[in-house]
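What follows is one structure encoded as structure tokens, with my remarks underneath.
In structure tokens form, the structure reads like this:
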């Protein structure tokens, strides 16, 4: 799902080429093209889900918080002034209005003075001054009404009106199934109590007494209404960041604190008993302060297709793969805590790492005897055909891997998608979309436009597929593949304020096999073509806000040199292409050679994109104190632990929102959020990517894998 901001009117656009962008919300992303060509018409998909776009108008914002802080100061000072103000005495029955007017005037003028001082010395805006002054006047009127009521023989009115105000002011009374009824009952009871004690003779008219009864509600009503009316409307990225922070805090707070809780939570999530040794694993995780002990949904659910296969058939499948001796697969056997491998390549891949922790007695006691298949290539391999979901022994004996490299295997990669998967349609309106639901965005079946937008689906350079349930481990996979997900492990950068406000990416033209027909569609080349400064200016879509209280609306414009200066994107090397495509690529995107890893540390924002498979640089740049902008269709083991917009910034596959993204991050508000995301990601690597965390993740993975062959449990 993508959070979309669209205008109320539909401008007319012309295009020479249509680029699709399907979302579950039926919204679109405007594409980015050099201004020398006509702008690209975005596309949309019909709404296939019940999800809704988050609101762009939160109940609170930085300006609301500022107003609340200002009002706290105003209330304290006004209370002191009210206490020290000399009020003329009057006899019972005489009107208190003149004296009340004097008190209101004195306190209101004091409120204005305080608000002005706050604006000058504390940076409040003009609208903040108006909010502070208005609430100060409301408070002055309230206190003056108390004076009138109590000095005119209406002390009960003051007391009961405060009780009514309490019903509106206290949040917990508004919650629950009877919240509204509870508040209403207290208010009505207050009115009844007042009229039962009403003096029979008094010069004050009934209507004026009723108005005075309602005055104590005024300041509370004003503080509720003013933020919605006068507060600054937050940018969509601000809302997404706040939601990401809330999600992560909630996730951390609900983790199991005991082994028993972890076992119960496993049953609740997966509707099955945990694997043998899980209780010991959970105790190890607790003893080593593993932060997210319960969050393994992606890894654990990947085993579900294999749990439908008879263990005898799975063993036959492994035996058959062993006999095939494929170069891109490594067979690893763990027997009595000793490890052997079918290839020397394994020792460069995982061997030394596994040996280090296999030597630890606590782990050795838990390891089952088993055979593991490791995929050492970037591309995943398993797309289970539904007709082979529960294969026979004969079918298991006839496993074949088919090479689809340098072809267009979209239909084979998506053979399990429903026949009515969404198809992108041409749209005539503009929008700026930000990824609000990463799971939906990565659902290949929901986005048929990925056939063109991602090199792996367009024309993979190398791809060997099998359609039977072969339980092999890869390091990442798209949503339509069934590889089991293995973990992998990868220096601190500079402090945030020493970095440049710019987005950095440099890489080679991997991701797919480039031909003269398709190289401009490949995801890496397409993003560099649409952001590289020397190719500008570009036709882009940004968001604008007419006033701080108005909504954010998209508009078409031309990129300025200042905006283009926020990007440092380039190609390091041209590879994986036929001769004609290589020549054209070099002419359009002259390769600039490789740079050391530390080159990215000088930039506040670092882009990370898929290559032929997962990105091996991801953990490094998460550690680097830069904010990572991540564009990927691949699922990895850490997906349950990293929260979009809190630990990283997700970028859609079309990627045209990157211009508004960087424009916002170049502002003071955006820089503050960027710094917070960079800090969160760096802290995440320190608390969730320790050596012991990787060891425990690997151990749990092996226990889950071993359970496939041990159904007696």
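Numbering (UniProt numbering), first residue to last: 1 to 713.
Even glycine gets a Cβ: it sits at the ideal position worked out from N, Cα and C.
It should be emphasised that the depicted structure is a prediction, and the values quoted were computed from it without experimental measurement.
For this session: Could you tell me the distance, in whole angstroms, from the CA atom of residue 608 to the CA atom of residue 248?
Result: 22 Å
For this session: With DSSP collapsed to three states, give me the class of residue 561.
Result: helix
Exercise. Would you report the Cα separation of residue 397 and residue 467, rounded to the nearest angstrom?
Worked result: 13 Å
For this session: Can you tell me which of 694, 647, 706, 701 puts its alpha carbon nearest to the alpha carbon of residue 680?
Result: 647
Exercise. Going by C-alpha distance, which of 612, 282, 662, 472 is nearest residue 560?
Worked result: 662
Exercise. What number of angstroms, rounded off, separates the C-alpha of residue 557 from the C-alpha of residue 502?
Worked result: 20 Å
Exercise. Does the Cβ of residue 440 have 16 or more other Cβ atoms within 10 Å, making it buried, or fewer, making it exposed?
Worked result: buried
For this session: To the nearest angstrom, report how far apart residue 446 and residue 604 are at their CA atoms.
Result: 33 Å
For this session: Quick one: give me the first and last residue of the alpha helix (DSSP H) that residue 769 is part of.
Result: Beyond the ends of the chain as shown, which are 1 and 713, falls residue 769; an answer cannot be given.
For this session: Thinking residue 473 and residue 465 are a contact (beta carbons under 8 Å), I'd like their distance in whole angstroms, please.
Result: No, residue 473 and residue 465 are not in contact; Cβ-Cβ is about 16 Å, not under 8 Å.
For this session: Compute the Euclidean distance between the alpha carbons of residue 455 and residue 510, then round it to the nearest angstrom.
Result: 8 Å
Problem set entry | Three-way DSSP call (helix, strand, coil) for residue 284 in this model | helix
Exercise. Looking only at its own chain, which residues have a Cβ that is under 7 Å from the Cβ of residue 443, when we skip the five neighbours before and after it?
Worked result: 479
Problem set entry | Cβ contact check for the region 504 to 522 and the region 569 to 584: 3 or more pairs under 8 Å | yes
Exercise. What's the C-alpha gap between residue 704 and residue 664?
Worked result: 44 Å
Problem set entry | Residues bridged to residue 340 (per DSSP) | 333
Problem set entry | Cβ pair residue 391, residue 309 closer than 8 Å | yes
Exercise. Would the region 286 to 302 and the region 692 to 706 be scored as touching if the rule is three or more Cβ pairs under 8 Å?
Worked result: yes
Exercise. Can at least three beta-carbon pairs, one atom from the region 256 to 264 and one from the region 230 to 247, be found at a separation below 8 Å?
Worked result: no
Problem set entry | Contact set for residue 714: own chain, Cβ-Cβ below 8 Å, skip 5 residues either direction | Nothing about residue 714 can be reported from this structure: the residues present for the chain run from 1 to 713 only.
Exercise. In three-state terms, what does DSSP make of residue 441?
Worked result: helix
For this session: Count the other C-beta atoms from every protein chain shown that fall within 10 angstroms of the C-beta of residue 323, then say buried if there are 16 or more, exposed otherwise.
Result: exposed
Exercise. Alpha carbon to alpha carbon, how far is residue 411 from residue 280?
Worked result: 44 Å
Problem set entry | Residue from 338, 321, 372, 374 whose Cα sits closest to the Cα of residue 361 | 338
For this session: Report the three-state DSSP secondary structure of residue 517 (helix, strand or coil).
Result: coil
Problem set entry | residue 11, DSSP secondary structure in three states | Since pLDDT at residue 11 reaches only 37, below the 50 mark, its modelled position is unreliable, and the value read off the structure follows with that caveat. Coil.
For this session: Report yes if the CB atom of residue 376 is closer than 8 Å to the CB atom of residue 297, and no otherwise.
Result: no
Problem set entry | Which of helix, strand or coil DSSP assigns to residue 364 | helix
Problem set entry | Buried versus exposed call for residue 252 [16 or more other C-beta atoms within 10 Å across all chains shown] | exposed
Exercise. Taking all protein chains shown into account, do 16 or more other C-beta atoms lie within 10 angstroms of the C-beta of residue 284, making it buried, or fewer, making it exposed?
Worked result: buried
Exercise. Is the beta carbon of residue 709 sitting closer than 8 Å to the one on residue 370?
Worked result: yes
For this session: Kindly list the residues whose CB is nearer than 8 Å to the CB of residue 761, restricted to its own chain and excluding five residues on each side of it in sequence; keep chain order.
Result: Only positions 1 to 713 of the chain appear in this structure, which leaves residue 761 out of reach.
Exercise. What do you get for residue 550, buried or exposed, if any count of 16 or more other CB atoms within 10 angstroms of its CB means buried?
Worked result: exposed
Exercise. Using the beta-carbon count (16 or more within 10 Å), is residue 711 buried or exposed?
Worked result: exposed
For this session: Let me know the secondary structure DSSP gives residue 460 once reduced to three states.
Result: coil
For this session: May I ask you to report which of helix, strand or coil DSSP gives residue 505?
Result: strand
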